[in-house]
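Here is the structure we will look at.
What follows is the structure, encoded as structure tokens:
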């Protein structure tokens, strides 16, 4: 398989506080980028900067860092951009992929009744489940039932020095969301 799934039980065990941290991060995001999407502004911030001070997000950062390094099987320099997907039922993501990175993934915080559909497989989104896989695979989110609450995931891209060379050619769309891991 070209992907891995990991169960992050510490998210399930501290679910309510993770939700609170995500809503606090969204408020911070909105104060910096009013009337912009935390999803589509992914290259302008990093969720781990917005959640500074949260021990829960500190632990999540280190889990993602370790999982990414193991998945990519490298000790070479890597960078992560990570953002908050904060969607109502009618806002779930349509077909897309991720370019100029070595891996893409997401963590389900409050996945609601959704699945992520890839071209060759389907992931059931559950609280605390982390997905990591190849970045160029087209995928979308599908609602499996009605819900009123907010669907929350933390998405991330992992880049290496080869990705930087490609990104550095696009000076009109400079990505300042990456931080070292």
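Residue numbers (my numbering): 1057 to 1237.
Idealized CB from N, CA, C, for every residue including glycine.
Quantities reported herein were computed from a predicted structural model and do not represent experimental measurements.
Through-space distance from residue 1088 to residue 1106, alpha-carbon basis:
10 Å
Evaluate residue 1235 with the Cβ neighbour count: other Cβ atoms within 10 Å of its Cβ, from every protein chain shown; 16 or more gives buried, anything less gives exposed.
That one is exposed.
C-alpha distance - residue 1175 paired with residue 1065, whole-angstrom precision
In this structure, the CA atom of residue 1175 is about 28 Å from the CA atom of residue 1065.
Hey, residue 1186 and residue 1123 are a contact pair by Cβ (cut 8 Å); roughly how many whole angstroms apart?
7 Å
Going straight from the alpha carbon of residue 1071 to that of residue 1113, what length do you get?
For residue 1071 and residue 1113, the distance between alpha carbons rounds to 12 Å.
If you reduce the DSSP assignment to three classes, tell me which class residue 1162 lands in.
strand
For residue 1137 versus residue 1098, is the C-beta spacing smaller than 8 Å?
yes
Check whether residue 1173 and residue 1198 have beta carbons under 8 Å apart:
yes
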